[in-house]
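For the sequence shown, UniProt numbering gives the first residue as 9, with consecutive numbering after it.
Notes to accompany the following structure.
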Amino acid sequence: SLKVEIAKNSGFCFGVKKAIDTTMSVIEEKSVVSSLGPLIHNQQVVDVLDKKGLSVVQEPEEAKGSLVIRSHGVPLEIYERARKSDIDVVDCTCPFVRKVQKKAESCFKAGKKVIIIGDASHPEVKGINGWCGGEAYIIGSLEDVSKLPELDEVCIVAQTTMRNELFEQLSEAIAKKSKAAEIYNTICSATRERQDSCVDLAKRADAMIVIGGKNSSNTRKLVEISEKYCENVFFIETADEIDTEKFEKYDLVGITAGASTPDWIIEEVFNKMNNINDKSEMERALEESFVS
Ligand code: F3S
């Protein structure tokens, strides 16, 4: 029968868990709370928080009650704007992201050119760039590297959810174009562990189910990794999207999930997959009863 295995490290990371716990306790205490952008890349969780009283705003000045800064972090100027408008800030910036921001800030102040390896459109990257004067080069591919001018002293950091292999490849290419390069691999340990266990499972599984928001960058990386080692990869947000019939032919199905996927969604998917066994057992029992 079909075996279903959940990757060892999957789902909520430390930073996301902390952001949700902190936000929940602030909601309980104050009842009027806003977050700057949706708290995490998971619509189901955002809906639950919305019912509890967390509104989403796009600008700090629009905040009702306290303003929650999510785990991705924000540019330095946001704190300044909140202070000017006398808004109470609940800072849920993940400590791993804070470290990257601080590194970017100190390198910038030391007169070095900051280079962020990551996705230019991701809020975390925009946030980091806001700690080095908005002047960082943002590099996501070798093509981006080829467009860089000859560089003097550079300081290279990574978006915390980058793929390790790509970071190494790009940072090396950038270092070759610069006189002196300091390379800081700031991919967070939670991301590394999640990606490593994804590789391990994808190598053995006949099919992989990757659960996470369609705009969650760390989830999309899990999809890329799975596709490298496994031929059948399914990227879903909720258990509803699973067509169990497609999986009946496999022996081992692996499940992994991005950093903003709560355990209850992973469990739902796991249970739905395991029901395939129950169903086939039922069918077998039925067949047997016809035979006899
Ligand atoms: Fe923090 Fe890493 Fe999660 S940076 S928010 S622990 S993915």
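C-beta: ideal position from N, C-alpha, C; glycine also.
- For Thr246, the Cβ stays outside the 7 angstroms cut-off from all heavy atoms of the ligand F3S.
- Between Thr168 and Val82, the CB-CB gap reaches or exceeds 8 angstroms.
- Rounded to whole angstroms, the gap between the alpha carbons of Glu173 and Phe20 is 23 angstroms.
- For Lys11, the pairing in a beta bridge is given by DSSP as Leu260.
- When rounded, the separation of the alpha-carbon atoms in Ser93 and Thr30 is 22 angstroms.
- Cα atoms of Leu150 and Gly61: separation of roughly 44 angstroms, rounded to the nearest angstrom.
- Here the C-alpha atom of Ser43 lies approximately 15 angstroms from the C-alpha atom of Lys26.
- Phe242: member of the beta strand (DSSP E) spanning 240-244, first to last residue.
- By the beta-carbon neighbour count (other beta carbons within 10 angstroms, threshold 16), Glu132 is buried.
- Tyr87: member of the alpha helix (DSSP H) spanning 84-92, first to last residue.
- By the neighbour-count criterion, in which 16 or more other beta carbons inside 10 Å mark a residue as buried, Trp139 falls on the buried side.
- Across the structure, Asn223 and Lys236 are spaced so that their CA atoms are roughly 20 angstroms apart.
- Using a Cβ distance threshold of 8 angstroms, Val34 and Val24 do not count as a contacting pair.
- Shown here, Val24 sits in a helix according to DSSP, grouped into three states.
- Comparing alpha carbon positions, the residue from Asn50, Val76, Arg89 closest to Ser39 is Val76.
- Of Thr194, Glu180, Gly220, Lys155, the smallest CA-CA separation from Thr246 is found for Gly220.
- Around the C-beta of Asn17, 16 or more other C-beta atoms lie within 10 Å, and the residue is accordingly described as buried.
- In the three-state scheme derived from DSSP, where H, G and I count as helix and E and B as strand, Ala213 is classed as coil.
- In the displayed model, Leu47 falls within coil according to three-state DSSP, outside both helix and strand.
- Secondary structure in the stretch 117-183: the beta strand (DSSP E) runs of 3 residues or longer, each lying completely within the stretch, are 121-125, 145-147, 159-166 in chain order.
- CA-to-CA, the gap between Glu190 and Glu158 works out to about 16 angstroms.
- Residue environment for Gly126: buried (at least 16 other C-beta atoms within 10 angstroms of its C-beta).
- Annotation for Cys21 indicates a beta carbon within 7 angstroms of some heavy atom of the ligand F3S.
- Distance from the CA of Ile164 to the CA of Cys102, rounded to the nearest whole angstrom, comes to 20 angstroms.
- Beta-bridge analysis with DSSP links Ser74 to Val41.
- In the three-state reduction of the DSSP assignment, Asp99 falls in the strand class, which pools E and B.
- Beta bridge pairing from DSSP links Val64 with Ser43.
- Scanning Ile250, Lys211, Thr264 for the CA closest to the CA of Lys229 turns up Thr264.
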